[in-house]
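Student:
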Amino acid sequence: MCFACSPRNPIGLHLQFSLEDGVCRTTFTAGEVHQGWNGCMHGGLIATLLDEVMAQWLWLQGIAGMTAEMTTRFSRPVPVGVPLEVTARQTGGRGRLFELAAEIALPDGQVPVHARAKFLKV
């Protein structure tokens, strides 16, 4: 039962994904239970959102893959209580290796965090 996407996981994030024009998308609004510092989303959950949207980019195309490496860059806190748009796209790769990038955008268009990752086809 996936923590990020299973609708049956009672403590999960219940994310739903779409893939259009090479971009995988989901939305999420963090609540108080998802914060680290008051008013700010926990960094580990932010990394989970980014990792999952990249993994779903593969999955929605019929590719089973696992994260081999991921780098996350934070430029500002991610607030709780606002809708976040999380997107991912492929940036490169060859053979069994897929390179992807993801970001979280705030309603005003600011991007407080982005990630790059390598996934291995399994």
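Under the UniProt record's numbering, the sequence shown is numbered contiguously, ending at residue 122.
Don't be surprised by glycine CBs; every beta carbon is placed ideally from N, CA and C.
Does the Cβ of Pro7 have 16 or more other Cβ atoms within 10 Å, making it buried, or fewer, making it exposed?
Tutor: Exposed is the call here.
Student: At the level of alpha carbons, what is the spacing between Gly95 and Gly22?
Tutor: Roughly 19 Å between the two C-alpha positions.
Student: Counting C-beta neighbours from all protein chains within 10 Å, is the total for Pro112 16 or more, i.e. buried, or is it exposed?
Tutor: Buried, since its Cβ has 16 or more Cβ neighbours within 10 Å.
Student: Looking at the unbroken alpha helix (DSSP H) that takes in Gly43, where does it start and where does it end?
Tutor: Start and end: 43-59.
Student: For the stretch 115-122 against the stretch 60-80, are there 3 or more C-beta pairs whose distance is under 8 Å?
Tutor: Contact holds: three or more Cβ-Cβ distances are below 8 Å.
Student: What's the C-alpha gap between Glu99 and Val33?
Tutor: Between Glu99 and Val33, the C-alpha separation is close to 32 Å.
Student: Measure the beta-carbon distance from Ala27 to Leu84 and round it to whole angstroms, keeping in mind my assumption that it falls under 8 Å.
Tutor: One detail in the question is off: residue 27 reads as Thr in this sequence, not Ala. Contact holds; Cβ gap of about 6 Å.
Student: Could you tell me how far apart the beta carbons of Ala88 and Trp57 are, in whole angstroms, since I believe they sit closer than 8 Å?
Tutor: Yes, Ala88 and Trp57 are in contact; Cβ-Cβ is about 5 Å, under 8 Å.
Student: Would the C-beta of Gly95 count as close to the ligand MN, meaning under 7 Å from any of its heavy atoms?
Tutor: This structure lacks the ligand MN, and indeed carries no ligand of any kind.
Student: Buried or exposed: Glu52, going by 16 or more other Cβ atoms within 10 Å of its Cβ?
Tutor: It is buried - the Cβ of Glu52 has at least 16 other Cβ atoms within 10 Å.
Student: Got a sec, what are the start and stop residues for the beta strand (DSSP E) Glu103 sits in?
Tutor: Residues 97-105.
Student: If we define contact as Cβ-Cβ less than 8 Å, is Gly44 a contact residue for chain D?
Tutor: Protein chains in the displayed structure number just one, and chain D is not present.
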